[in-house]
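Everything below concerns the one structure shown next.
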């Protein structure tokens, strides 16, 4: 397998800058996802790497070799598209074997390799069916097998699951990861689905307006966002603006309360920060009407419930604004709208982002 690198990649369409100096190195055998909203440049970057677009400037390298000007059909890359792009007049087996036929591999080898890959993706019994006889999930499995048939150095996937229903998406993303791990193939995956990217990737690259906001493991992207955009885009986040108070004591002062955050110990007194807390990191206790909140907690009132299965998300009105809190559904049943509650968290949990330049 091969390592992939992009250096100072820039793409401009007229006056619109789609990519602005992207730098990224992907290790051999690594599974990396480009994650971001529509129009952020992730598909443009993938198409440049595949050879379907020419960058305005910058380079694409595979194993240290510059392939920026190498035609797409000579890059040894496998591509899986959102819209399966199977040949309707060919069976699943012949679709998978197509790339080998173009490379003038013997017919026996074509059929053997196609059968092996269809077995790998769980479609051995459907090898003689045509695309219109297959479900969407099955068609995408054939497209994946076809991309793998040529034994590419790099596998590229552009929103491959977005046209499928939720259950099939989960099954197929797990299958893609299993096959990628088994083959050890360097993989770049484009998606706008946070859950998808976080569940299958070794690292995630979050893009916004043609620039890289953050690169990290799924745990780092979710738990340690470095910018306001990443904090807002990845998962649900409670965001509280304030200033570091009593330097060295781990406190953040807002308009409505003074909140605990151990990370504030390392900030200058008075620094403007955005305090970030995930809904699942907040503890909630019901308060009797006459009781005061425990030390370190803030008072709130339940405003609404959103049922999410085993967990229910509560919207709680508080002195620092509306807070999202995830609690067990059994506990949520005892909390009607208007219930008085105390909110607290481990002081080590909140993450702070500098707002001085915002």
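In our numbering, the protein residues as written are 10 to 367.
Heads up, the beta-carbon is just placed ideally off N, CA and C, and yes, glycines get one too.
Since the structure is predicted, the reported quantities are computational estimates derived from the model, not experimental observations.
Notebook entry, point to check: Exposed or buried, residue 168, counting other C-beta atoms within 10 Å across all chains shown (16 or more means buried)?
Noted result: Note on residue 168: 16 or more other CB atoms within 10 angstroms of its CB, so buried under the neighbour-count rule.
Could you check where the alpha helix (DSSP H) with residue 268 kicks off and where it finishes? Unbroken run through residue 268 is the beta strand (DSSP E), 267 to 269; no alpha helix (DSSP H).
Residue 344 to residue 336 span [Cα, whole Å]: One C-alpha to the other measures close to 10 Å.
- prompt: Looking at the structure shown, is residue 231 part of a helix, part of a strand, or coil, going by DSSP?
  reply: Helix, per DSSP.
For this session: Give, in chain order, every unbroken run of the alpha helix (DSSP H) that is at least 4 residues long and sits entirely within the stretch 57 to 102.
Result: Counting only unbroken stretches of 4 or more residues, no alpha helix (DSSP H) element lies wholly within the stretch 57 to 102.
- [ ] For residue 277, name the three-state secondary structure that DSSP assigns.
- [x] Annotated three-state conformation of residue 277 is coil, per DSSP.
Contained beta strand (DSSP E) runs [length at least 3] in the stretch 314 to 361, N- to C-terminal order: If we require 3 residues or more, the beta strand (DSSP E) runs fully inside the stretch 314 to 361 come out as 320 to 327, 330 to 337 and 349 to 353.
#### Entry: Residue from 365, 218, 212 and 217 with nearest C-alpha to residue 228
When each option's Cα is compared against that of residue 228, the closest is 212.
Q.
Considering just the uninterrupted stretch of the beta strand (DSSP E) at residue 8, what are its terminal residues?
A. Only positions 10 to 367 of the chain appear in the structure, and residue 8 is not among them; the question remains open.
Discussion item. Taking 7 Å as the limit between beta carbons, can you name the residues of its chain near residue 53, skipping five residues before and five after?
Written reply: Closer than 7 Å at Cβ, skipping near neighbours: 20, 27, 28 and 62.
Residue 178 by DSSP, collapsed to three states: which one? Looking at residue 178 - three-state DSSP - the assignment turns out to be helix.
Exercise for review: Please say whether residue 196 and residue 164 have beta carbons closer to each other than 7 Å?
Suggested key: Against a cut-off of 7 Å, the Cβ pair of residue 196 and residue 164 comes out as a contact.
Alpha helix (DSSP H) segment containing residue 37, residue limits:
Segment: none, residue 37 is in no alpha helix (DSSP H) and carries neither H nor E.
(Q) If I measure Cβ to Cβ from residue 324 and keep anything under 7 Å in the same chain, skipping five residues before and after, which residues do I get? (A) Cβ within range, chain order: 312, 313, 331 and 333.
- Using beta-carbon positions only, say whether residue 274 and residue 259 come within less than 7 Å of one another. For residue 274 and residue 259, yes; Cβs fall inside 7 Å.
* To do: Find out if the Cβ-Cβ distance for the pair residue 35, residue 55 is shorter than 7 Å.
  => No, Cβ-Cβ distance for residue 35 and residue 55 is not below 7 Å.
Note down, in chain order, each residue of its chain lying with its Cβ closer than 7 Å to the Cβ of residue 269, except the 5 sequence neighbours on either side. Short of 7 Å from the beta carbon of residue 269, and not among the five residues preceding or following it, lie these beta carbons of its own chain, in chain order: 259, 260, 305 and 356.
Considering only residues of the same chain and omitting the five flanking positions on each side of residue 156, which have a CB-CB separation below 7 Å? Scanning its chain for C-beta atoms nearer than 7 Å, with the 5 sequence neighbours on each side dropped, one finds around residue 156 the residues 87, 88, 89 and 164, in chain order.
Quiz prompt | Contact set for residue 250: own chain, Cβ-Cβ below 6 Å, skip 5 residues either direction | solution = Cβ neighbours of residue 250 beyond the five flanking positions: 283.
_DSSP state of residue 377 mapped onto helix, strand, coil_ = Because residue 377 is not part of the residues shown, which for the chain are 10 to 367, the question remains open.
### Task
Reducing DSSP to helix, strand and coil, say where residue 19 ends up.
The answer is strand: DSSP assigns residue 19 an E or B state.
#### Entry: Member of 162, 77 and 198 whose CA lies at the smallest distance from the CA of residue 15
Measuring from the Cα of residue 15, the nearest candidate turns out to be 77.
So, are the CB atoms of residue 119 and residue 110 less than 7 Å apart?
Cβ distance < 7 Å, so residue 119 and residue 110 count as in contact.
Inter-residue spacing [alpha-carbon to alpha-carbon] between residue 271 and residue 359: Rounded to the nearest whole angstrom, the CA to CA distance from residue 271 to residue 359 is 8 Å.
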